[in-house]
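Asks: Got a structure for you, written out below as structure tokens; questions coming shortly.
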Amino acid sequence: MSARAQLTEAEAAFVAGQRVARLATSDASGRPHVVPVCYAWDGARFVTPLDEKPKRVPDAALRRVRNIEARHEAALVIDHYEDDWSRLGYLLAEGSADMLPPGAPDHAELVALLRARYPQYQAMALEIRPLLVLTPQRITSWGPALAPDAAGREAEPSGRGLDFLPLARGRRSVRTFQPRPVPRAALEAMIEAARWAPSPHGRQPWRFVVLTQDAPKQALADAMGADWRRTLEMDGQEQAIIQLRLDKSHERIRTAPALILACLYLAELDQYPDADRQRAEEIMAIQSLGAAIQNMLLAAYAQGLDTGWMCAPLFTPETVRAALALDEALIPHALIPVGYEARPPKRRLHRTIGDLIVRFE
Ligand SMILES: Cc1cc2nc3c(=O)[nH]c(=O)nc-3n(C[C@H](O)[C@H](O)[C@H](O)COP(=O)(O)O)c2cc1C
Numbered sequence: 000m001s002a003r004a005q006l007t008e009a010e011a012a013f014v015a016g017q018r019v020a021r022l023a024t025s026d027a028s029g030r031p032h033v034v035p036v037c038y039a040w041d042g043a044r045f046v047t048p049l050d051e052k053p054k055r056v057p058d059a060a061l062r063r064v065r066n067i068e069a070r071h072e073a074a075l076v077i078d079h080y081e082d083d084w085s086r087l088g089y090l091l092a093e094g095s096a097d098m099l100p101p102g103a104p105d106h107a108e109l110v111a112l113l114r115a116r117y118p119q120y121q122a123m124a125l126e127i128r129p130l131l132v133l134t135p136q137r138i139t140s141w142g143p144a145l146a147p148d149a150a151g152r153e154a155e156p157s158g159r160g161l162d163f164l165p166l167a168r169g170r171r172s173v174r175t176f177q178p179r180p181v182p183r184a185a186l187e188a189m190i191e192a193a194r195w196a197p198s199p200h201g202r203q204p205w206r207f208v209v210l211t212q213d214a215p216k217q218a219l220a221d222a223m224g225a226d227w228r229r230t231l232e233m234d235g236q237e238q239a240i241i242q243l244r245l246d247k248s249h250e251r252i253r254t255a256p257a258l259i260l261a262c263l264y265l266a267e268l269d270q271y272p273d274a275d276r277q278r279a280e281e282i283m284a285i286q287s288l289g290a291a292i293q294n295m296l297l298a299a300y301a302q303g304l305d306t307g308w309m310c311a312p313l314f315t316p317e318t319v320r321a322a323l324a325l326d327e328a329l330i331p332h333a334l335i336p337v338g339y340e341a342r343p344p345k346r347r348l349h350r351t352i353g354d355l356i357v358r359f360e
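Here the sequence shown stands for residues 0 to 360, numbered as in numbering that gives the first Met the number 0.
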């Protein structure tokens, strides 16, 4: 059992992994009230919306709102139960609580955070509704689901039994995005997912560059465009076609709300005296980069975000490195646009499992 005002890394991972919390408030006379809530954590505060689920009374008359206005304090419990008691855990946050009206500083950012966790909120007008914000003064947590184990490793998260296929099937390559920005926490959650991908010798031979600002996106699009023009001209393509393809690619890079450049990083891999084994070592690293990227794509989709995959950096790594002033040890491989889809993409049929398994005995 431990009590602090900051979340540990294991606690933050636990909080990110759960879907529902219980919010406790009390009225001026101390009469308690508890409700289940959807929530997000922004690194310093818990936030929960007064959303559009059917309620019997208007927002201002809700007991939790009246209680917070009377006492400005609340407690939130996030817990995890399984019949396997080696996976139990809970976190209790107690602190000051306030209502944040629409238009207040941070309101839009917190709404974006909630929408990233719960896609259902994308269809609700949260921007015109108050948010309930709890700033913890005391955090208490307990349980194997949170505790770093004796060797100092993080507790194994319990993903077993999750319905994984809808996630794998639902993810698709999106090529046009709404201008809506992607919260930093959602991008970090994608990198967190990449962190757990399998890799040769566990060395994680990949690094990521995250771009959300216009200037680096523009610099990257310009530099890659100039390179691509040269190769298309070398191929003898018509000028009009070249221009069309370049404009499309430039637009895709420039208008993506966020871009993640996935780079291979070979510096810590084994070195062999012969070329064959060295090549196998590098191929393992590339295979692992693919696994890390897929983890990121699924993590984005799980948060209500969409992603694409652009292979262009692989063809022009030096140019990409120069445009972003990257270290020479980074080998740009893929550019992953991230955002909220503007329209559903056309999608090719994926092969059946019968096509893919060539032998099963
Ligand atoms: C290594 C790799 C490179 C890709 N490069 C591009 C690309 O440059 N441009 C693009 O639009 N899609 C690219 N894609 C996405 C594929 O076109 C897409 O995954 C495929 O058509 C299947 O569609 P889905 O992702 O919607 O299931 C790439 C995918 C992979 C794995």
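Just so you know, even glycine gets a beta-carbon here, dropped at the ideal spot from N, CA and C. Note that the coordinates shown come from a computational prediction; the quantities given were computed from them, not determined experimentally.
Residues in the same chain with beta-carbon distance under 7 Å from Asn-294, minus the five sequence neighbours each way, listed in chain order, please.
Replies: Ala-192, Ala-193, Trp-195, Ala-196
Asks: By Cβ distance below 6 Å, which residues in the same chain neighbour Ala-39 in space, the five residues on each side in sequence not counted?
Replies: Val-46, Leu-112, Leu-113, Arg-116
Asks: Which residue wins for smallest C-alpha separation from Ala-11, given the options Gly-29, His-32, Ala-43, Leu-22?
Replies: Ala-43
Asks: Just to confirm my understanding: we take Gly-151, look at its own chain, exclude 5 residues before and 5 after, and list those with CB closer than 8 Å. What are they?
Replies: Note on Gly-151: pLDDT 44, under 50, position unreliable in the model; the coordinate value appears next. Around Gly-151: no qualifying Cβ.
Asks: Pull up the DSSP beta-bridge partners for Glu-93, would you.
Replies: Ala-74, Arg-137
Asks: Could you tell me if Ile-127 is buried or exposed, where buried requires 16 or more neighbouring beta carbons within 10 angstroms of its beta carbon?
Replies: exposed
Asks: Report yes if the C-beta distance between Arg-342 and Thr-175 is below 8 Å; otherwise report no.
Replies: Between Arg-342 and Thr-175, the C-beta gap is smaller than 8 Å, which places the two residues in contact.
Asks: Verify the contact flag: Trp-227, CB atom, against every heavy atom of ligand 1, threshold strictly below 7 Å.
Replies: no
Asks: Near ligand 1, which residues have their beta-carbon less than 5 Å from any of its heavy atoms, given in chain order?
Replies: Contact residues of ligand 1 (beta-carbon closer than 5 Å to any heavy atom; chain order) are Arg-171, Ser-172, Trp-308, Met-309, Cys-310, Arg-346.
Asks: When the Cβ atoms of the segment 314-321 are set against those of the segment 277-292, are three or more pairs found closer than 8 Å?
Replies: no
Asks: Output yes or no for whether 8 Å exceeds the beta carbon distance between His-249 and Ala-222.
Replies: Between His-249 and Ala-222, the CB-CB gap reaches or exceeds 8 Å.
Asks: At which residues does the alpha helix (DSSP H) containing Val-19 begin and terminate?
Replies: Taken as a continuous stretch (DSSP letters only), Val-19 belongs to no alpha helix (DSSP H), as it is neither H nor E.
Asks: Give, in chain order, every unbroken run of the beta strand (DSSP E) that is at least 3 residues long and sits entirely within the segment 248-282.
Replies: 257-264
Asks: Give every residue of the same chain whose Cβ lies closer than 8 Å to the Cβ of Leu-166, excluding the five residues on either side of it in the sequence, and list them in chain order.
Replies: Leu-297, Tyr-300, Ala-301
Asks: What whole-angstrom Cβ distance do Ala-96 and Ile-67 have, given they're in contact under 8 Å?
Replies: 5 Å
Asks: Work out the CA separation of Leu-87 and Arg-159 for me, nearest whole Å.
Replies: Distance between the alpha carbons of Arg-159 and Leu-87: 14 Å.
Asks: State the DSSP-derived secondary structure class of Asp-362, mapped to helix, strand or coil.
Replies: The structure shown does not extend to residue 362, since the chain is modelled only from 0 through 360, so no value can be given for it.
Asks: From Pro-178 to Val-110, what does the alpha carbon distance come to, in whole angstroms?
Replies: 16 Å
Asks: Measuring alpha carbon to alpha carbon, tell me which of Ala-27, Glu-340, Leu-243 ends up nearest Ala-69.
Replies: Ala-27
Asks: Report the residue ranges of all alpha helix (DSSP H) runs contained in full by the segment 174-247; include only those spanning at least 4 residues, in chain order.
Replies: 183-193, 213-233, all fully within the segment 174-247.
Asks: What number of angstroms, rounded off, separates the C-alpha of Arg-278 from the C-alpha of Pro-272?
Replies: Using only the alpha carbons, I get a separation of about 11 Å.
Asks: I need the straight-line Cα distance from Arg-244 to Ala-9, nearest angstrom please.
Replies: 46 Å
Asks: Is it buried or exposed, Arg-206, if we count other Cβ atoms within 10 angstroms and call 16 or more buried?
Replies: buried
Asks: So what's Gly-88 in DSSP terms, helix, strand or just coil?
Replies: strand
Asks: Out of Phe-13, Leu-75, Val-64, point me to the one whose CA is closest to Ala-20's CA.
Replies: Leu-75
Asks: Considering only their Cβ atoms, is the gap separating Val-173 from Gly-307 smaller than 8 Å?
Replies: yes
Asks: Counting C-beta neighbours from all protein chains within 10 Å, is the total for Asp-305 16 or more, i.e. buried, or is it exposed?
Replies: buried
Asks: Drop a sphere of 10 angstroms on the beta-carbon of Arg-229, count the other beta-carbons inside from all chains shown, and report buried for 16 or more, exposed for fewer.
Replies: exposed
Asks: Taking contact to mean 3 or more Cβ pairs, one atom from each stretch, closer than 8 Å, check whether the segment 232-239 and the segment 247-265 are in contact.
Replies: no
Asks: On a Cα-Cα basis, can you pick out the residue from Val-357, Gly-289, Gln-119 that is closest to His-332?
Replies: Gly-289
Asks: Please state the DSSP three-state secondary structure of Ile-356.
Replies: Of the three classes helix, strand and coil, the one that applies to Ile-356 here is coil, per DSSP.
Asks: Could you have a look at Gly-42 and say whether DSSP puts it in helix, strand or coil?
Replies: Residue state, collapsed to three classes: coil.
Asks: I'd like the list of long-range same chain contacts for Gly-169, defined as Cβ closer than 8 Å, with 5 residues on each side in sequence excluded.
Replies: Cβ within range, chain order: Tyr-300.
Asks: Do Asp-41 and Ala-184 have their beta-carbon atoms positioned less than 8 Å apart in this structure?
Replies: yes
Asks: Could you check whether Gln-121 and Glu-93 sit closer than 8 Å to each other, using their CB atoms as the reference points?
Replies: The answer is no: Cβ separation not under 8 Å.
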